Amino acid sequence: MSSSQAKTIFVAGHKGMVGSAIVRLLLQEPGNQVITATRSELDLTNQQVVNHFFKKNNIDQVYLAAAKVGGIHANNEYPAEFIYENLMIEANIVHSAHLNGVQQLLFLGSSCIYPKQAPQPMKESALLTGELEPTNEPYAIAKIAGIKLCESYNRQYGRDYRSVMPTNLYGENDNFHPENSHVIPALLRRFHEAKLNNDSVVTAWGSGKPMREFLYVDEMAEASIFVMNLEKDIYQQETQSMLSHINVGTGIDCTIRELVETVAKVVGFKGRIEFDASKPDGAPRKLMNVSRLERLGWKANVSLEDGLMKTYAWFLAHQNDYRK
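Note that this note's numbering has the sequence shown beginning at 217, numbered continuously upward.
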């Protein structure tokens with residue numbers, strides 16, 4: 217996007233890892249006016265409040281990165297909150313965008329939309345072909361509904377609302393909480409503390425054999441802006457009206473063992489690594505097919521080790537925020 221095409225852009229969920237990365241990248245383009253609102257300033261589950269927000273701001277584009285998120289425990293304990301809040305957030309934003317003449321919107325979903333037994337690597341066409349993973353089904357259903365909201369407003373009203381489905385993300389502004397974080401921030405913190413404590417061994421859960429794909433969050437932001445600003449005819453050549461979402465990932469996975477060893481190397485942990493095979497492994501493989509995005513002209517470039525080094529540097533600069 218050149219400065220001559222500067223826009224007024226609303227990023228919903230700007231405090232989150234992905235939303236904050238999108239804001240950082242958008243602000244690098246001179247002339248862009250980026251609008252954000254905290255949860256206390258704008259209740260995204262309130263239809264009247266959201267519509268009023270859109271009415272008073274002359275918005276050109278919307279990045280819908282806001283969502284209620286959590287790990288397996290939270291999804292199991294609070295399924296009603298996960299499906300209700302996510303449905304309300306996306307329905308209110310998409311509908312208000314339409315009512316107020318916003319032509320361009322990008323909805324950010326999740327790889328959990330795909331069936332638990334989806335063939336690997338997972339293609340966009342796997343959507344709605346099988347049963348979802350039970351532990352996060354309510355969240356996944358809400359994300360699928362978000363895709364279909366965008367497609368429905370496109371079909372009925374001629375809007376240009378698009379969807380991207382990221383693989384596992386990590387990076388700046390990730391959650392490094394000792395109990396509630398995902399695998400990469402949890403490992404970075406565990407190895408960092410083991411190094412400080414001069415521990416001789418760190419034990420990782422599972423056999424280390426499952427394979428996972430990881431994308432550095434700044435690249436997710438870059439891909440999101442790329443997809444948002446694709447010419448409409450180019451976007452439509454690669455998508456269908458009822459299968460319009462695009463996977464975003466590296467197209468490369470690694471074993472959990474390789475991930476753990478790379479984290480240890482980045483942190484500088486010199487001790488021994490053990491794997492507790494009595495702990496659950498989860499699905500044997502989860503890899504996104506990213507050929508659609510690559511044909512459109514975008515490909516990830518940040519290696520896992522380089523991304524981990526950037527993330528660890530950020531953690532070191534902000535670790536006081538995570539001390540209990």
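All C-beta atoms, glycine included, are put in the ideal place defined by N, C-alpha and C.
Values in this document were obtained by computation on a predicted structure and should not be read as measured data.
Measure the Cβ-Cβ separation of residue i and residue j and say whether it is below 8 Å.
i: Glu490; j: Val417; result: yes
i: Val464; j: Met381; result: yes
i: Ala281; j: Gly232; result: yes
i: Gly229; j: Gly387; result: no
i: Ser341; j: Lys502; result: no
i: Ile251; j: Asn273; result: yes
i: Ala403; j: Glu454; result: In the sequence under discussion, the amino acid at residue 403 is Leu, which differs from the Ala named in the question. In this structure, Glu454 does not lie closer than 8 Å to Leu403 by Cβ.
i: Met504; j: Glu429; result: yes
i: Leu385; j: Val234; result: yes
i: Val476; j: Tyr528; result: no
i: Pro246; j: Phe298; result: no
i: Gly422; j: Ala334; result: no
i: Ile462; j: Val443; result: yes
i: Ala410; j: Phe485; result: yes
i: Arg378; j: Leu431; result: no
i: Ala290; j: Phe269; result: no
i: Thr471; j: Pro426; result: yes
i: Gly487; j: Asp415; result: yes
i: Ala516; j: Thr466; result: yes
i: Gly362; j: Gly325; result: yes
Where does residue i fall in DSSP's three states?
i: Glu257; result: coil
i: Asn414; result: coil
i: Ser494; result: coil
i: Met217; result: With a pLDDT of 41 at Met217, under the threshold of 50, the modelled position of this residue cannot be trusted, and the question is left open.
i: Phe392; result: coil
i: Leu280; result: strand
i: Lys526; result: helix
i: Ile450; result: helix
i: Ala420; result: strand
i: Ile275; result: coil
i: Lys364; result: helix
i: Pro295; result: helix
i: Phe485; result: coil
i: Lys540; result: Note that Lys540 has pLDDT 49, beneath the 50 cutoff, so the model's placement of it is unreliable and the number below is only indicative. Correct three-state label for Lys540: coil.
i: Val518; result: coil
i: Val310; result: helix
i: Lys332; result: coil
i: Ser397; result: coil
i: Asn352; result: helix
i: Gly232; result: coil
i: Thr345; result: coil
i: Asn445; result: coil
Tell me residue i's beta-bridge partners as DSSP assigns them.
i: Gln456; result: Leu459
i: Cys470; result: Arg428
i: Tyr377; result: Leu321
i: Met304; result: Answer is none; Met304 lacks a bridge partner.
i: Lys502; result: Arg428
i: Thr224; result: Gln249
i: Leu385; result: Leu431
i: Val464; result: Pro382
i: Met338; result: Met504
Is residue i buried or exposed, if buried means 16 or more other CB atoms sit within 10 Å of its CB?
i: Ile284; result: First, the residue type needs correcting, since residue 284 is Lys and not Ile in the sequence shown. With 16 or more other Cβ atoms within 10 Å, it is buried.
i: Glu367; result: buried
i: Ala533; result: exposed
i: Gln320; result: buried
i: Gln244; result: exposed
i: Glu438; result: buried
i: Glu257; result: exposed
i: Ala358; result: buried
i: Ala499; result: exposed
i: Gln456; result: exposed
i: Tyr373; result: exposed
i: Met458; result: exposed
i: Pro350; result: exposed
i: Ile329; result: buried
i: Ser236; result: buried
i: Ser519; result: exposed
i: Ala302; result: According to the sequence shown, residue 302 is Asn rather than Ala. Looking at its Cβ environment, which holds 16 or more other Cβ atoms inside 10 Å, Asn302 is buried.
i: Gly346; result: exposed
Could you pull out every residue in the same chain whose Cβ sits closer than 6 Å to the Cβ of residue i, ignoring the five residues on either side in sequence?
i: Met304; result: Thr261
i: Asn536; result: none
i: Ser397; result: Asn391
i: Ala389; result: It is Asn, not Ala, that sits at residue 389 in the sequence shown. The residues are Met233, Ser236.
Given residue i, which residues of its chain have a CB within under 7 Å of its CB, disregarding the five upstream and five downstream residues?
i: Leu348; result: Pro331, Lys332, Ala356
i: Ser219; result: With a pLDDT of 43 at Ser219, under the threshold of 50, the predicted position of this residue should be treated as unreliable, and no value is reported.
i: Leu365; result: Glu306, Ala307, Val310
i: Tyr369; result: Val310, His314, Arg375, Tyr377
i: Arg508; result: Glu340, Glu454, Ile462, Asn463
Within the same chain, show all residues whose beta-carbon is closer than 8 Å to that of residue i, passing over the 5 residues directly before and after it, in chain order.
i: Ile441; result: Met217, Ile238, Leu241, Leu242
i: Ile275; result: Thr224, Ile225, Phe226, Ile251, Ala313, Asn316, Val318
i: Val399; result: Asn384, Arg428, Ile472, Leu475
i: Lys448; result: Asp376
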